[in-house]
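Report on the following structure.
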Amino acid sequence: MTSTTEQAGDFADLAATTLLRFATAGSVDDGKSTLVGRLLHDSKSVLTDQLEAVERVSASRGQDAPDLALLTDGLRAEREQGITIDVAYRYFATARRRFILADTPGHVQYTRNMVTGASTADLAVVLVDARNGVIEQTRRHAAVAALLRVPHVVLAVNKMDLVGYEESVFAKIAEEFTAYASDLGVPEITAIPISALAGDNVVEPSAHMDWYGGPTVLEHLETVPVSHDLTACPARFPVQYVIRPQTAEHPDYRGYAGQIASGVLRVGEAVTVLPSGRTSVIAGIDALGGSVDIAWAPQSVTVRLADDIDISRGDLIAPSANPPATTQDVIATVCHVADQPLSVGARVLLKHTTRTVKAIVKEIPSRLTLDDLSQHPDPGQLVANDIGRVVVRTAEPLALDAYADSRRTGSFLLIDPSDGTTLAAGMAGESFASQARTTVQADEEGWDF
Numbered sequence: 132m133t134s135t136t137e138q139a140g141d142f143a144d145l146a147a148t149t150l151l152r153f154a155t156a157g158s159v160d161d162g163k164s165t166l167v168g169r170l171l172h173d174s175k176s177v178l179t180d181q182l183e184a185v186e187r188v189s190a191s192r193g194q195d196a197p198d199l200a201l202l203t204d205g206l207r208a209e210r211e212q213g214i215t216i217d218v219a220y221r222y223f224a225t226a227r228r229r230f231i232l233a234d235t236p237g238h239v240q241y242t243r244n245m246v247t248g249a250s251t252a253d254l255a256v257v258l259v260d261a262r263n264g265v266i267e268q269t270r271r272h273a274a275v276a277a278l279l280r281v282p283h284v285v286l287a288v289n290k291m292d293l294v295g296y297e298e299s300v301f302a303k304i305a306e307e308f309t310a311y312a313s314d315l316g317v318p319e320i321t322a323i324p325i326s327a328l329a330g331d332n333v334v335e336p337s338a339h340m341d342w343y344g345g346p347t348v349l350e351h352l353e354t355v356p357v358s359h360d361l362t363a364c365p366a367r368f369p370v371q372y373v374i375r376p377q378t379a380e381h382p383d384y385r386g387y388a389g390q391i392a393s394g395v396l397r398v399g400e401a402v403t404v405l406p407s408g409r410t411s412v413i414a415g416i417d418a419l420g421g422s423v424d425i426a427w428a429p430q431s432v433t434v435r436l437a438d439d440i441d442i443s444r445g446d447l448i449a450p451s452a453n454p455p456a457t458t459q460d461v462i463a464t465v466c467h468v469a470d471q472p473l474s475v476g477a478r479v480l481l482k483h484t485t486r487t488v489k490a491i492v493k494e495i496p497s498r499l500t501l502d503d504l505s506q507h508p509d510p511g512q513l514v515a516n517d518i519g520r521v522v523v524r525t526a527e528p529l530a531l532d533a534y535a536d537s538r539r540t541g542s543f544l545l546i547d548p549s550d551g552t553t554l555a556a557g558m559a560g561e562s563f564a565s566q567a568r569t570t571v572q573a574d575e576e577g578w579d580f
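Mapping of the sequence shown onto the numbering used here: position 146 corresponds to residue 277, and the numbering continues sequentially without gaps.
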């Protein structure tokens, strides 16, 4: 008979071999939407009515062949302007793997959308126009991928047909990008020369580039090793809701509902509730209408504890043997995504998992210069699409992991308390940015937490 622990391992192995989450990024007119359309079309992942609709629109525009970019640009404004505006998610599958694709915008003003699309990605495809090479937006996309700890990056050098399929053009671009991304700390970089319009090296190997012996884009996506085993990380259970029916059938039931962010929870395990630090033992775990002895990420469950402890939404339940540290001083790298600047002294809300607390931006020690990866010290503020280091003081302690250890419990959002606008996406702890910081000064208006 298979044990629950073995089932957890089987679940992780199944996810690792059958699902890949990946994001695409590229500058305007690099052909990203065409690449995605070609990928869907040539892998037989397009429904007949979708293809017929694209053919009709293409014919009405006087185009001889279907414009495959229309398969991904779903908004009317996107089709009219010929640019991608919003993140579009596509789901498709081959015989070897299932895919969730986040097609992110290329225009500089929509770089913030890439943060959304790449935040859960295992791989990022960065597109470059072979005629233009590596430009500032390419470096920005590489920086975002590195900042978000995307483990695999594919450099797709597109429009090789427009440079005569010259190997030297591809080699120069690949060398420059690989050196830049490696300096950022990207662990694996694969360069592939393609023509999305003609279909070269997207799904089928190119007949025009016999000098290239590597995989096609789809072949690489199907075979790149990806691990989804969240059970290998320490258990983290952010409480989303407290369940107390107080009915005749369940007069004393008290359960804490949420989604396990990482790790494994077991009945009988000693746990600590943060930030209070109170301890107890897991008395029961309810999942799918029944009780279980073990549960693992990313399952949604209800946890019952042996002791009555004051627990509410935003608290974190973790193993007493390996709890995260609590802090009110958050040092992190952020990608600023709002139109209004983020300035030193700004009052913000910090949302971490299910917990939202008041906070003050105490310092902005540096802003990343994308050209040479140098740090611009003490910029005073960050504007839209800037990447920089911040020091934030929170009103209440947070149980925060380093982002390098957990993308789920090491990330947070900074929010404008006046209107709920998301200001920045933050990654706690170490990053490719400088770790230097200055002394935090007391707030002059009495908001010193």
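The beta-carbon is built from N, C-alpha and C at its ideal position, and this holds for glycine as well. Note that the structure is predicted; figures quoted are calculated from it, not measured.
Note that the segment 312 to 322 touches the segment 269 to 281; at least 3 beta-carbon pairs, one per stretch, sit closer than 8 Å. With contacts defined as CB atoms closer than 8 Å, Tyr387 and Val373 qualify as a contacting pair.
Only residues of its own chain outside the window of five on either side were considered, and among them Leu254, Glu319, Val355 have a CB closer than 6 Å to the CB of His283, listed in chain order.
Taking a contact to require three or more Cβ pairs closer than 8 Å, the segment 170 to 177 and the segment 222 to 229 qualify as touching. In this structure, DSSP gives His483 an extended state, which the three-state scheme calls strand. Assigned with DSSP and collapsed to three states, Ile304 falls in helix.
Taking 8 Å as the cut-off, the Cβ atoms of Leu170 and Val357 do not count as close. Residue nearest to Ser443 within the set Gly421, Thr487, Phe543, Glu400 is Thr487 (criterion: CA-CA distance). In this structure the segment 473 to 488 lies against the segment 541 to 554, because at least three pairs of beta carbons, one per stretch, are closer than 8 Å. Sequence-distant Cβ neighbours of His483 in its own chain, meaning closer than 7 Å and more than five residues away, are Leu529, Leu531, Phe543. In this chain, Asp234 is not harboured by any alpha helix (DSSP H); it is covered by the beta strand (DSSP E) spanning 229 to 234.
Residue state for Glu494 is assigned as strand, using DSSP reduced to three classes.
Apart from sequence neighbours up to five positions away, the residues of its chain that approach Ala456 with a beta-carbon distance below 8 Å are Ala530, Leu531, ordered along the chain. Sixteen is the threshold: since fewer than 16 other Cβ atoms of the shown chains lie within 10 Å of the Cβ of Trp342, the residue is exposed.
Contact annotation: Arg367 and Gly394 have beta-carbon atoms nearer than 8 Å. Residue Ser250 holds the alpha-carbon nearest to the alpha-carbon of Arg538 among Met245, Val432, Ser250. Ser497 places its beta carbon less than 8 Å from that of Gly519. Within the segment 493 to 562, the complete beta strand (DSSP E) segments at least 3 residues long are 506 to 508, 518 to 530, 542 to 546, 553 to 559, listed from N- to C-terminus. Below 8 Å, enough C-beta pairs join the segment 256 to 266 and the segment 291 to 308 to call them touching: three or more. As the crow flies, the alpha-carbon of Ala274 is around 43 Å from that of Val423.
Ile416 is positioned such that its CB atom lies no closer than 8 Å to that of Val402. Counted as a single uninterrupted DSSP element, the stretch harbouring Leu151 is not any alpha helix (DSSP H) but the beta strand (DSSP E) occupying residues 150 to 157. Per the C-alpha coordinates, the member of Ala310, Ala428, Leu232, Val479 positioned closest to Asp503 is Ala310. Nearest Cα to Gly560 within the set Ala379, Leu278, His339, Ala515: Leu278.
In this structure, the alpha-carbon of Thr247 lies about 28 Å from that of Pro454. The three-state secondary structure of Gln268, taken from DSSP, is helix. According to the DSSP assignment, Val348 belongs to the alpha helix (DSSP H) that extends over 348 to 354.
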